[in-house]
Amino acid sequence: MKKLLAPAAALILLTGCASPTSEDATMDACDTFAYYLEDAESPEQMDRATTVEQIGVELEGKPAPDARITDAVDVMERTVDGSESAWVMGADMMAAACMDLGWES
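Quick note, the sequence shown lines up with residues -18 to -1, 1 to 87 if you use mature numbering (1 follows the signal peptide of the UniProt record, and there is no 0).
Structure (structure tokens):
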């Protein structure tokens, strides 16, 4: 019995220490975006700077997310102080990318 416990314990430890993947980074970015969108109720009402900052925090030190997420975040970063319609375009890009990539609430 003891011989079986050691490999099982090692497997559990290795699973818990797995490196984050690009998919993890993508889903974390989508989770963060969804949190701020739900809190605001619409893209127009989102706290733009906080949303972009927190998505950046989620992505920091992780493998690059899917390019569609990166593109959407780039648009949102550039439109933090821009027009409402430009911001909404970036937010729509982010929402579409998340859904296309299999994000679920």
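In this text, a Cβ means the ideal position worked out from N, Cα and C, and glycines have one as well.
Asked, Found
"State the DSSP-derived secondary structure class of S4, mapped to helix, strand or coil.", "helix"
"Does the stretch 61 to 73 come close enough to the stretch 43 to 52 to have 3 or more Cβ pairs within less than 8 Å?", "no"
"For a test of the three-state rule: what should DSSP assign to W69, helix, strand or coil?", "helix"
"Could you give the DSSP three-state label for G43: helix, strand or coil?", "coil"
"Give the single residue among D13, M75, T3, A77 whose Cα lies nearest to the Cα of I37.", "D13"
"Using a Cβ-Cβ cut-off of 6 Å (strictly less than) and excluding sequence neighbours within five positions of V70, which residues of its own chain qualify?", "P25"
"Roughly how many whole angstroms lie between the Cα atoms of A11 and V39?", "9 Å"
"Judging by CA-CA distance, which residue of A78, V57, A7, M81 is the nearest neighbour of residue 91?", "The first residue shown for the chain is -18 and the last is 87, placing residue 91 beyond what the model contains."
"So what does DSSP say about M76, is it helix, strand or coil?", "helix"
"In the DSSP assignment, the alpha helix (DSSP H) including M58 goes from what residue to what residue?", "49 to 60"
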